[in-house]
């Protein structure tokens, strides 16, 4: 075993001192050490949830891995999920313990994207999520302002949520829900909340799914529902400086930037605590009127698909 190799919890870790990717000066050891240091809080977000990861190799483009490769050790727990798009069963990992997390780190899995529902009950998400995606450029402050609109929309509906940086340029608002809500009901409620937030300040926020229609505004993304994934709290992101998605108290949100939370700073900020668990409110029942309102709002992807076809026809007719 070379100096760049070692074993932890029975997992052989190799080439630890090589660069992690071409995007940063971080090494594979930096990733492994970070994930091992924050294993308890991040495993709390991954446990029992089908997991997709983004892996990276030097000199190659990053790729998302859903289906586990054939060489995956037998001790990695997994669950099969039917993929309607590809008409096949996908074998997802369940990252439940330190050994599995270290195995993924050794595979250069940088980002961790669990589903919103557990493997045991895949049709009932445990959280309602709104993703605030600012326009191009350094516009994190605009995403924060839009998150505050979402907070007001939630309060107006009698709900409360917690907020975290996405680790990229945006903000995620999570609302824990009581487990009797279906994926369809939560999707409808999410659309209604997005539209309500947009109405509070239409000059700042938009629900326009087609990028060219957003007009430089923050996209209030209501599509994170059902079988969708969202990057986990404490997950690194494949960005310069290796930022991580990190919980923030609402009172502090206007004072932070994504660069405050990286694989180098987060372990000391956590100091053995789990602020995401502390900040999340208790699960709440989604109001029936919110669901009913949302059912009158078109599903964004479907609406965008029809609009794209309409525009394509219009272009053909003018040529």
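In my numbering, the protein residues as written are 71 to 389. Glycine included, every Cβ here is placed at the ideal spot set by N, Cα and C.
When you compare each of 221, 83, 92 to residue 131 by their alpha carbons, which one comes out closest? Here the question's residue 131 lines up with position 61 in the chain shown. It is 92.
Nearest-angstrom Cα distance between residue 277 and residue 205? Here the question's residue 277 lines up with position 207 in the chain shown. Here the question's residue 205 lines up with position 135 in the chain shown. Cα to Cα, the separation comes out at about 13 Å.
With DSSP run on the structure shown, which of helix, strand or coil describes residue 76? Here residue 76 refers to the residue found at position 6 when the chain shown is read from its first residue. The answer is strand: DSSP assigns residue 76 an E or B state.
Could you name each continuous beta strand (DSSP E) segment of 3 residues or more that falls completely within the stretch 126 to 161, going from the start of the chain to the end? Whole beta strand (DSSP E) segments, 3+ residues: 133 to 135, 148 to 153.
8 Å Cβ cutoff met for residue 190 and residue 202: Position 120 of the chain shown, counting from 1, holds the residue named residue 190. Position 132 of the chain shown, counting from 1, holds the residue named residue 202. Result no, Cβ atoms of residue 190 and residue 202 do not sit closer than 8 Å.
What residues are listed by DSSP as bridge partners for residue 318? For the purposes of this step, residue 318 is taken as residue 248 along the chain shown, with counting starting at 1. Per the DSSP secondary-structure output, residue 318 pairs in a beta bridge with 233.
Around the Cβ of residue 289, are there at least 16 other Cβ atoms within 10 angstroms (buried) or fewer (exposed)? Working through the chain shown from its first residue, we reach residue 289 at position 219. By the neighbour-count rule (16 or more Cβ atoms within 10 Å), residue 289 is buried.
Would you mind reading off the limits of the beta strand (DSSP E) that contains residue 244? Mapped onto the chain shown, residue 244 falls at position 174. In this chain, the beta strand (DSSP E) harbouring residue 244 covers 241 to 246.
Return the bridge partner residues of residue 306 from the DSSP annotation. Locating residue 306 in the chain shown gives position 236, counting from the first residue. Under DSSP, residue 306 takes part in a beta bridge, and its partners are 314.
By Cβ distance, which residues of its chain are closer than 6 Å to residue 266, with the 5 residues on each side in sequence left out? Residue 266 sits at position 196 when you count from the first residue of the chain shown. Result list for residue 266: 223, in chain order.
Residue from 99, 325, 339, 287 whose Cα sits closest to the Cα of residue 212: Your numbering for residue 212 matches position 142 in the chain shown. Minimum Cα distance to residue 212 is reached at 287.
Can you round the beta-carbon distance between residue 357 and residue 232 to whole angstroms, since I take them to be within the 8 Å contact cut? To locate residue 357, count along the chain shown from 1; it is residue 287. To locate residue 232, count along the chain shown from 1; it is residue 162. Between residue 232 and residue 357 the Cβ distance is about 19 Å, and since that is not below 8 Å, they are no contact.
Applying the criterion that 16 or more other CB atoms from any shown protein chain within 10 Å of the CB defines a buried residue, is residue 342 buried or exposed? By one-based count along the chain shown, residue 342 stands at place 272. Per the 10 Å Cβ criterion, exposed.
Nearest-angstrom Cβ-Cβ length linking residue 138 and residue 198, presumed shorter than 8 Å: Stepping through the chain shown from its first residue, residue 138 is reached at position 68. Stepping through the chain shown from its first residue, residue 198 is reached at position 128. About 29 Å; that fails the 8 Å criterion.
Looking only at its chain, what residues have a beta carbon closer than 6 Å to the beta carbon of residue 188, apart from the 5 residues adjacent to it on each side? Within the chain shown, numbered from 1, the residue matching residue 188 stands at position 118. Cβ within range, chain order: 118, 119.
Assuming contact is defined by CB atoms lying nearer than 8 Å, are residue 186 and residue 219 in contact in what I supplied? The residue labelled residue 186 in the question sits at position 116 within the chain shown. The residue labelled residue 219 in the question sits at position 149 within the chain shown. Annotated as distal: residue 186 and residue 219, with beta-carbon spacing of 8 Å or more.
My output table needs one value for residue 212: the three-state DSSP class, helix, strand or coil. Locating residue 212 in the chain shown gives position 142, where the first residue counts as 1. Helix at residue 212.
If you check the beta carbons only, do residue 236 and residue 112 fall under 8 Å apart? Taking the first residue of the chain shown as 1, we reach residue 236 at position 166. Taking the first residue of the chain shown as 1, we reach residue 112 at position 42. Cβ atoms of residue 236 and residue 112: not closer than 8 Å.
Out of 166, 200, 295, which one is the CA nearest neighbour of residue 230? Numbered from 1 along the chain shown, position 160 holds the residue referred to as residue 230. Nearest of 166, 200, 295 to residue 230, Cα basis: 200.
Rounded separation between residue 142 and residue 135 - CA only: Position 72 of the chain shown, counted from the first residue, corresponds to residue 142. Position 65 of the chain shown, counted from the first residue, corresponds to residue 135. Straight across, the Cα-Cα distance linking residue 142 with residue 135 is about 12 Å.
Applying the 10 Å Cβ sphere with the 16-neighbour rule, what's the burial state of residue 162? Taking the first residue of the chain shown as 1, we reach residue 162 at position 92. Residue 162 should be labelled buried.
Give me whichever residues DSSP pairs with residue 354 in a beta bridge. Translated into the one-based positions of the chain shown, residue 354 becomes position 284. Looking at the DSSP output, residue 354 shares a beta bridge with 247.
If you draw a straight line from the C-alpha of residue 320 to the C-alpha of residue 351, how long is it? Locating residue 320 in the chain shown gives position 250, counting from the first residue. Locating residue 351 in the chain shown gives position 281, counting from the first residue. Residue 351 has its alpha-carbon roughly 12 Å from the corresponding atom of residue 320.
Are residue 178 and residue 239 close, meaning C-beta to C-beta below 8 Å? On the chain shown, position 108 is the one that residue 178 refers to. On the chain shown, position 169 is the one that residue 239 refers to. No. Outside cutoff.
Tell me, to the nearest whole angstrom, how far the beta carbon of residue 124 is from that of residue 159; I am working on the premise that it is less than 8 Å. The residue labelled residue 124 in the question sits at position 54 within the chain shown. The residue labelled residue 159 in the question sits at position 89 within the chain shown. Approximately 22 Å separates the beta-carbon atoms of residue 124 and residue 159; this is outside 8 Å, ruling out the contact.
Need the endpoints of the alpha helix (DSSP H) that residue 104 sits in, please. Against the chain shown, residue 104 aligns to sequence position 34. Unbroken alpha helix (DSSP H) run through residue 104: 98 to 107.
Contact check, residue 329 vs residue 311 under 8 Å by CB: the rounded distance? The residue labelled residue 329 in the question sits at position 259 within the chain shown. The residue labelled residue 311 in the question sits at position 241 within the chain shown. The distance from the Cβ of residue 329 to that of residue 311 is about 6 Å, consistent with a contact at the 8 Å cut-off.
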